[in-house]
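Asks:
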Amino acid sequence: MHGRIKVKSTEEQKEQKAKERAKKLQFYQATTAAISEKRKDHQFDQEVLELTGQILSVNPDYATYWNLRRQIFLHFEHEKEPEEVKSIHQKELFFLETCLRVNPKSYGTWHHRCWVMDHMQEPDWKRELELCNKFLEYDERNFHCWDYRRFVVQRSAVPVEEELAYTSRLISTNFSNYSSWHYRSTLLPIVHPDHKRQGRISEKILLKEYELVQNAFFTDPNDQSAWFYYRWLLGRADSLLKINCLYVNRDQRRILVCFSRPVNVLSKSSKLILFVDQKLILPEWRPVAGQKTYSCVWLCDLPECTLDNGSLHQDIKVVWDGDDDLQKECTIYKGKRESWCRDSATAEELFRCQMSVEKSTQLQSELESCKQLQELEPDNKWCLLTVILLMRALDPLGYENETLQYFKALKVADAMRTRYYNDLCSKFVIENCILKMEYAEVRVIDMSHKNLTRLCYLDQMVLVTHMNLSGNQLTCLPPSFLTMQCLEVLNADDNSIENVSGLSNLPQLEEVTLRNNCIQTPADLQPLASCLKLSFLDLKGNPVCNLPNIHSELTLLLPQVKEIILQ
Amino acid sequence: MADLLPTEFDVVILGTGLQESIIAAACSRIGQRVLHIDRKTYYAGDWASFTFSGLLSWIEECKQESSSGEETGWQDQLQESEEVLLLCSRNKSVQNIEVLSYVSQDSDDDLEVGALEMKQAAAICKEGEETVPVVNEGEGCDIHHGPSDGDSTPTGQLENRASDTPPYDETVPAVPEEGNLDSTSSSALESDTVKETVQGSDLPPMQEVCIQEPKKVKITYSKIVKEGRRFNIDLVSKFLFSRGSLVDLLIKSNVSRYAEFKNVTRILTYQNGQVEQVPCSRADVFASKQLSVVEKRMLMKFLTFCMDYEQHPEEYLDFKDGKFSEFLKTKKLTASLHHFIQHSIAMVSDAASTIEGLKATQHFLNCLGRYGNTPFLFPLYGLGEIPQCFCRMCAVFGGTYCLRHSVECLVVDKESKRCKAVIDGRGQRISCENVIVEEGYLPQECCKHVQYQQISRAVLITDRSVLKAETDQQISILTVPPFEPGQPTVRVIELCSSTMTCMPGTYLVHLTCVSRRSAREDLAPVVSKLFVQDLKQENETTEGEEEEEKPHVLWALYFNMRDSSSVVKRAYADLPVNVYPCSGPDSALDCDHTVSEAKSIFEQLFPGEEFCPPAPNPEDIIYDGEGGPPRDAGFGSPATAEPSEEINAEISAGDQSTKEAETECSTKASQGEDDTPESSSPKQEENDPPDSVNDEQPEDSQ
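For the record, the sequence lines run as chains A and B.
Note that the numbering used here has the first sequence beginning at 1, numbered continuously upward.
Note that the numbering used here has the second sequence beginning at 1, numbered continuously upward.
1) Report the residue from A:Tyr210, A:Tyr457, A:Val429 whose alpha carbon sits nearest the alpha carbon of Gln364 of chain A.
2) State the Cα-Cα distance for the pair Arg370 of chain B and Val429 of chain A, rounded to the nearest angstrom.
3) Scan the stretch 206-219 of chain A for residues whose Cβ lies nearer than 8 Å to a Cβ of chain B and list them as they occur along the chain.
4) Would you mind telling me which residues of chain B sit closer than 7 Å to Phe175 of chain A, beta carbon to beta carbon, in chain order?
5) Counting only C-beta atoms, is Gln372 of chain A closer than 9 Å to chain B at any point?
6) Any beta carbon from chain B within less than 9 Å of Ser441 of chain A's own beta carbon?
7) Given a cut-off of 9 Å on the beta-carbon distance, is the pair Met500 of chain B and Leu235 of chain B in contact?
8) Got a sec, what are the start and stop residues for the alpha helix (DSSP H) Glu739 of chain B sits in?
9) Identify the continuous beta strand (DSSP E) that holds Phe559 of chain B and give its terminal residues.
10) In three-state DSSP terms, what is Cys330 of chain A?
11) Is the beta carbon of Val422 of chain B sitting closer than 9 Å to the one on Ile461 of chain B?
12) Pull up the CB-CB distance for Tyr221 of chain B and Ser101 of chain B, whole angstroms please, since I reckon it's below 8 Å.
13) Looking at Thr374 of chain B: is its Cβ nearer than 9 Å to the Cβ of Leu368 of chain B?
14) Look at the alpha carbon of Leu566 of chain A and the alpha carbon of Ser426 of chain A, and state the distance between them as a whole number of angstroms.
15) Quick one: is Lys19 of chain A buried, meaning 16 or more other Cβ sit within 10 Å of its Cβ, or exposed?
16) Pick helix, strand or coil for Leu539 of chain A, following the three-state DSSP scheme.
17) What separation, rounded to the nearest whole angstrom, lies between the Cα atoms of Lys40 of chain B and Arg29 of chain B?
18) Are the stretch 278-293 of chain B and the stretch 206-223 of chain A in contact at 8 Å, needing three or more beta carbon pairs?
19) Is the separation between the beta-carbon of Ser89 of chain B and that of Ser564 of chain B shorter than 9 Å?
20) Taking C-beta pairs closer than 8 Å, name the residues in chain A that Arg297 of chain B reaches, listed in chain order.
21) To be precise: take each residue of the stretch 437-464 of chain B, compare its Cβ to all Cβ atoms of chain A, and keep it if any distance is under 9 Å. Which residues remain?
22) Determine, using beta-carbon pairs with one atom in the stretch 548-567 of chain A and one in the stretch 11-18 of chain B, whether at least three such pairs fall under 8 Å.
23) Answer yes or no: does any C-beta atom of chain B fall closer than 9 Å to that of Arg369 of chain A?
24) Count the other CB atoms, across all protein chains shown, that sit within 10 Å of the CB of Pro548 of chain A; report buried if there are 16 or more and exposed otherwise.
25) Pick from A:Lys450, A:Tyr439, A:Lys371, A:Val412: whose alpha carbon is nearest that of Glu400 of chain A?
26) Using C-beta distances below 7 Å, list every residue in its chain close to Glu20 of chain B, excluding the 5 sequence neighbours before and after it, in chain order.
27) Tell me the DSSP bridge mates of Lys317 of chain A?
28) Would you list, in sequence order, the uninterrupted beta strand (DSSP E) runs of no fewer than 3 residues that lie entirely inside the stretch 426-470 of chain A?
29) Step through the CB atoms of chain A and report whether any lies within less than 9 Å of the CB of Pro643 of chain B.
30) What separation, rounded to the nearest whole angstrom, lies between the Cα atoms of Ala413 of chain A and Leu528 of chain A?
31) Report the residue from B:Gly399, B:Val293, B:Arg392 whose alpha carbon sits nearest the alpha carbon of Glu368 of chain A.
32) Would you call the CB atoms of Phe510 of chain A and Ser535 of chain A closer than 9 Å?
33) Is any beta-carbon of chain A found at less than 9 Å from that of Glu646 of chain B?
34) So, helix, strand or coil for Ser416 of chain B, using DSSP?
35) Residues bridged to Ser456 of chain B by DSSP?
36) Mind checking whether Asp350 of chain B and Gln342 of chain B have CB atoms under 9 Å apart?
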């Protein structure tokens with residue numbers, strides 16, 4: 001007597017479902033067939049619009065149909081009154097919105113929306129921005145929508161400040177949203193630029209951002225988005241293109257130019273011009289590292305007698321692209337073998353920014369609170385890593401030992417990334433070694449017993465003559481070693497080096513010791529054949545030494561080497 | 001007596017409080033014939049919500065001596081083997097009512113006031129004797145009422161008329177109603193207010209009128225009365241935990257489609273004389289300005305631990321038998337974090353054990369993020385909506401409703417000690433299998449051994465929030481721990497006008513605690529700490545001051561309500577076996593106790609039956625029999641058909657409303673971090689077909 005619930009058996013349900021499916025399939029096939037028929041005949045009319053709409057509303061990823069619709073719209077633009085076209089565009093926007101509700105991550109739909117907006121008379125950008133807000137509320141990490149938002153912002157010139165405020169709002173509701181943090185990092189340098197450093201933000205704002213992000217990672221130290229943003233804040237400015245070093249060698253009649261970034265000197269659009277005593281010379285430039293087109297270090301051989309005209313001094317100048325900022329000069333005096341002009345890594349703030357007292361005090365307190373957080377969360381890798389980064393930003397040499405301790409803890413906390421941390425640690429150690437060498441004003445670099453697993457910044461060592469790499473964990477001397485054009489003596493004892501491919505074409509190299517490494521065959525030493533001045537090679541303690549006839553084989557391979565030590 | 005009830009039901013339910021209403025819905029859902037009766041003119045009994053005038057009527061009603069009704073002649077209807085159990089004719093669950101008004105009493109235009117209020121207003125005037133004109137209240141200026149959504153045309157008209165009233169009004173000093181409170185406290189208060197009045201009268205009223213350029217519209221008593229329909233004042237002040245048993249039940253049973261909710265926006269705490277916001281969600285902690293970063297970490301760490309404390313026994317096992325507050329002390333928390341966690345998050349007293357505290361914290365955290373940044377929901381239009389929603393569900397499935405209908409007695413079979421029937425106030429005998437009865441209907445002799453607890457309640461209408469924020473539309477809960485040992489912990493709930501419980505420009509504040517003494521004695525210390533209770537608001541001279549000040553109480557009501565939640569059935573003497581007493585509201589913040597009792601009664605009645613299964617969508621209901629929905633639920637009685645007709649109308653329009661409810665539910669759910677099961681189930685079917693189309697696509701595209 002009371003209302004009862006209809007209960008359908010599962011069989012009944014199944015059957016009904018199958019029926020519905022079949023019906024849908026039939027509809028789908030009939031519609032697609034009808035569309036292709038009309039498309040063949042180039043019938044771009046309202047009906048096709050409706051048919052494709054029916055398909056796209058269930059499957060918005062059918063890109064062909066979006067294209068077809070665009071064709072129809074273009075066709076309409078010629079055929080119909082502007083008013084009518086306008087209303088068709090309006091309808092299309094509405095339709096697109098319903099499609100986006102079905103699938104908010106469809107490339108085709110978002111792209112089509114961009115197209116429609118660009119083809120509309122009097123597009124309503126405000127509405128589009130609200131649409132973005134809606135969809136980002138629904139899924140704050142929908143990158144399709146973020147992309148569309150950037151498109152809308154760009155087209156309608158939304159003030160950057162407003163967008164910045166928008167990111168603040170999103171971050172305050174949920175800071176585990178790297179999309180917002182990232183968007184913020186692109187906006188801040190525009191709203192609050194640091195005029196001295198490209199791509200950075202003014203110090204006052206920077207301090208505020210530190211505070212904001214610190215709140216995030218203290219609240220949830222396992223959330224990586226905040227830590228990544230923090231790293232961006234700690235980052236250095238984009239390096240400007242510069243000529244860091246100009247080196248002249250009289251004996252070799254060779255000139256070496258080091259850029260701060262890889263460039264292609266050989267490309268048609270740019271030019272590296274060389275003057276010797278104001279006389280234009282057109283040498284043949286080549287990169288040090290073989291056939292690569294982009295390189296930081298370029299060299300050329302001067303025509304004979306260019307450097308031997310008997311005058312007391314000669315001025316050498318290189319200019320890149322005719323830009324005054326991109327030039328370097330040096331003078332070579334009579335009787336001197338070589339001369340150079342070089343910017344120091346310290347002065348260039350390559351490894352560390354010069355900070356105001358205010359900022360360094362702030363960073364100091366950041367470091368303190370991170371250490372505090374580290375005590376609360378001893379196993380948090382992000383925190384450990386940030387402590388290291390902060391110490392490097394503050395005083396890389398002063399904190400060297402402490403940094404190494406933190407690296408140790410980091411490798412325990414996050415054993416899976418041990419190798420990454422080793423490499424990162426190597427990088428920092430090498431930075432420190434370069435700084436120390438510069439402070440000492442010598443051309444000798446000692447990187448022995450530093451647990452190095454890889455080499456880097458070799459382009460900063462162009463002028464180094466003596467290098468000690470002994471007692472590390474290196475497995476190879478990579479091709480980037482080629483930039484060490486002044487290297488005379490290399491000690492790489494007690495590593496695990498198997499590969500010395502970088503030890504080629506080093507014109508000054510005289511002495512190499514590779515004791516206790518992993519050189520297997522004479523062929524591994526082939527690169528050394530191109531180092532013409534090499535006269536001493538110590539291979540004691542390498543597997544290669546145990547091969548029969550090894551001595552004679554090596555003499556044959558490296559005829560220029562006067563002394564080869566195997567035992 | 002044209003509208004006689006049918007004479008036979010399966011279940012007769014007396015009282016429309018939450019517990020009875022849930023049982024009514026549950027019984028009706030499984031096809032039981034339910035007669036649901038309330039002797040009051042309104043639904044929900046002690047759970048009711050009132051408009052302002054409704055509340056004044058209720059106050060009057062509570063104070064009236066019981067009027068013994070005329071004999072109904074039930075004796076004639078008894079058989080020899082039967083005896084009767086006379087029911088109590090009126091509810092005595094509320095006492096110690098006191099009303100205090102702090103606003104000017106311009107009695108000229110009490111338009112919304114019913115006869116009762118007029119009487120009361122007159123009484124107040126008489127008591128006040130020398131009514132002192134204190135200040136004008138800026139009648140002439142623009143009246144801002146926030147967004148008036150056009151639904152308030154009648155009140156709008158009234159306002160216009162109000163502006164025609166004379167430029168200054170007479171103010172009546174606050175006078176306590178003469179309820180049955182003990183004389184000392186009331187007289188003390190009286191002298192207080194008299195003093196205020198004298199202060200007030202020192203000011204030359206006419207000058208004030210000229211000087212003052214009122215910026216903000218002053219709320220006067222007449223304004224409150226006029227806008228009285230905008231108030232929905234709950235007798236019981238509770239929130240719903242978003243993963244509490246009531247929300248689960250509302251969703252499971254689809255009763256949720258009849259109600260709308262707002263997420264509570266703030267958790268507040270009272271510490272060192274200051275009201276502060278408690279950061280409890282991740283976003284709150286992140287944004288909090290009052291916590292240091294290290295505190296943030298400590299708080300988050302502790303809360304994360306509480307989320308799954310069972311997994312970390314090493315953290316708390318040593319303190320298992322100790323107190324939660326002692327346990328917190330071992331956790332390296334700062335004093336303010338300790339306070340936050342114990343009082344505002346766990347919301348437990350100093351006496352609570354570690355496990356209780358951890359459980360409460362865990363529950364709080366589990367509820368976070370489901371619908372928003374706090375774990376609580378509040379029903380729009382007040383808590384009194386919820387029992388009505390269950391009644392509606394009951395009616396949809398054929399339950400019969402009768403308000404303002406008393407039941408005289410239960411007819412009990414002498415031998416079996418079963419209740420066979422009830423006899424109503426009109427002398428009609430209605431037979432039934434089972435009787436569910438609100439505890440307050442039971443005769444005194446049944447309850448003579450019963451020990452009740454008491455709840456102390458206060459309802460305040462104030463002029464601003466206890467904590468200023470960016471937006472004035474905040475729903476807040478504030479736990480005030482005892483100032484001195486022996487005092488109760490007081491729960492303060494502040495509702496803004498967008499909850500549809502108070503007029504724009506005012507806040508409705510509910511204070512609740514377990515009674516130690518009268519409501520006034522229990523709650524007044526907290527009220528005086530948080531609010532200003534005098535007429536000074538009328539005399540404000542400096543504007544800057546206003547910003548800093550505490551909210552002013554405009555009107556206040558204190559009362560004690562009986563808490564029968566801890567009474568077990570066997571404590572009632574001589575109850576027939578098939579009569580099930582239902583307890584009234586308890587002092588807890590949630591409704592879990594009520595829900596679990598309702599469920600347990602239902603399970604005793606119908607073991608094995610499902611408790612409130614999901615109501616089907618209207619289109620899935622088929623009506624067997626003569627075809628067509630049973631609009632009158634099978635009975636010819638027009639009086640009883642009324643509610644169910646209303647609900648049938650709902651059903652035919654139900655298609656749309658259900659969808660709305662669904663989308664609302666799913667959008668709400670999507671805000672939460674995790675998926676809720678109920679949001680996914682209705683969607684599944686919809687998603688299926690397009691997918692299957694996709695499967696077939698490769699064959700025929702390109």
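Virtual Cβ for every residue (Gly too), placed ideally from N, Cα, C.
Replies: Per the coordinate set shown:
1) A:Tyr210
2) 49 Å
3) Gln214, Asn215, Ala216, Phe218, Thr219
4) Phe286
5) yes
6) Contrary to the premise, residue 441 of chain A reads as Glu rather than Ser in this sequence. So, not an interface residue.
7) no
8) Residue 739 of chain B falls outside the range modelled here, since chain B spans only 1 to 702, and no answer is possible.
9) 553-563
10) strand
11) no
12) 6 Å
13) yes
14) 30 Å
15) exposed
16) coil
17) 25 Å
18) yes
19) no
20) Phe218, Thr219, Pro221, Leu373, Leu376, Glu377
21) none
22) no
23) Before going on, a small fix: residue 369 of chain A reads as Ser here, not Arg. It does; some Cβ of chain B falls within 9 Å.
24) exposed
25) A:Lys450
26) Ile13, Ile436, Glu438, Cys582
27) A:Phe275, A:Glu329
28) 444-446, 466-468
29) Per-residue confidence for Pro643 of chain B stands at a pLDDT of 33, beneath the threshold of 50, marking its modelled position as unreliable; no derived number is given.
30) 42 Å
31) B:Val293
32) Contrary to the premise, residue 510 of chain A reads as Glu rather than Phe in this sequence. A contact, by the Cβ cut-off of 9 Å.
33) Confidence is the limiting factor: at Glu646 of chain B the pLDDT is only 33, short of 50, which leaves the residue's position unreliable, though a coordinate-based value still follows. No, Glu646 of chain B lies away from the interface with chain A (no Cβ there is under 9 Å from its Cβ).
34) coil
35) B:Cys513, B:Asn560
36) yes
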